[in-house]
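A.B. asks: Residue 51 is where the sequence shown starts when you use this note's numbering, and the numbers rise one by one after that.
Please find one structure pasted underneath; my questions will follow.
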Amino acid sequence: MSTNNRTVIGYMLTTVDNPFDPRTNYDEWRFYDERILGYYTNAYLGRVTKLAPNLTALETFLETTRAMDDIIRLNGPNFYKKLPIYE
């Protein structure tokens, strides 16, 4: 996927109330997500994502993206959001 001449190679899931960007401040983001907010976003995503050892990289990407979209749909766009990771 290309956005403004940059290629998206993945996404990270975050909440709108976390002031840290997991793409650039992962440790601070995770601490705030788990210890301050109590959301455990990574664990939630892990429970929703249906991965298997035999999936290709593309299938893993598509399944993880689907799971993120489901989480956003179930919780509303004012709670979770996807952040693009650019090449």
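Glycine is no exception: its CB is placed at the ideal position from the N, C-alpha and C atoms.
Predicted model, so just to flag it, every value in this text is computed and none were measured.
Which whole runs of the alpha helix (DSSP H) in the segment 79–111 are 4 residues long or more, in chain order?
C.D. replies: If we require 4 residues or more, the alpha helix (DSSP H) runs fully inside the segment 79–111 come out as 91–98.
A.B. asks: According to DSSP, is ARG56 part of a helix, a strand, or is it coil?
C.D. replies: Within the sequence shown, the letter at position 6 stands for residue 56. Looking at ARG56 - three-state DSSP - the assignment turns out to be strand.
A.B. asks: Please determine, among PRO134, LEU101, ALA117, the residue with the shortest C-alpha to C-alpha distance to TYR94.
C.D. replies: If you number the sequence shown from 1, residue 94 lands on position 44. Here the closest residue by C-alpha is ALA117.
A.B. asks: For LEU101, which residues in the same chain have their Cβ closer than 7 Å to its Cβ, ignoring the five residues on either side in sequence?
C.D. replies: Position 51 of the sequence shown, counted from the first residue, corresponds to residue 101. Excluding positions up to five away in sequence, the list reads THR110, GLU113.
A.B. asks: In three-state DSSP terms, what is THR74?
C.D. replies: Working through the sequence shown from its first residue, we reach residue 74 at position 24. DSSP places THR74 in coil when its eight states are reduced to three.
A.B. asks: Would you grab the beta carbon distance between TYR136 and THR57 for me? Rounded to a whole angstrom, and I think it's under 8 Å.
C.D. replies: In the sequence shown, the residue the question calls residue 136 occupies position 86. In the sequence shown, the residue the question calls residue 57 occupies position 7. Their Cβ separation, rounded to whole angstroms, is 7 Å, which keeps TYR136 and THR57 in contact under 8 Å.
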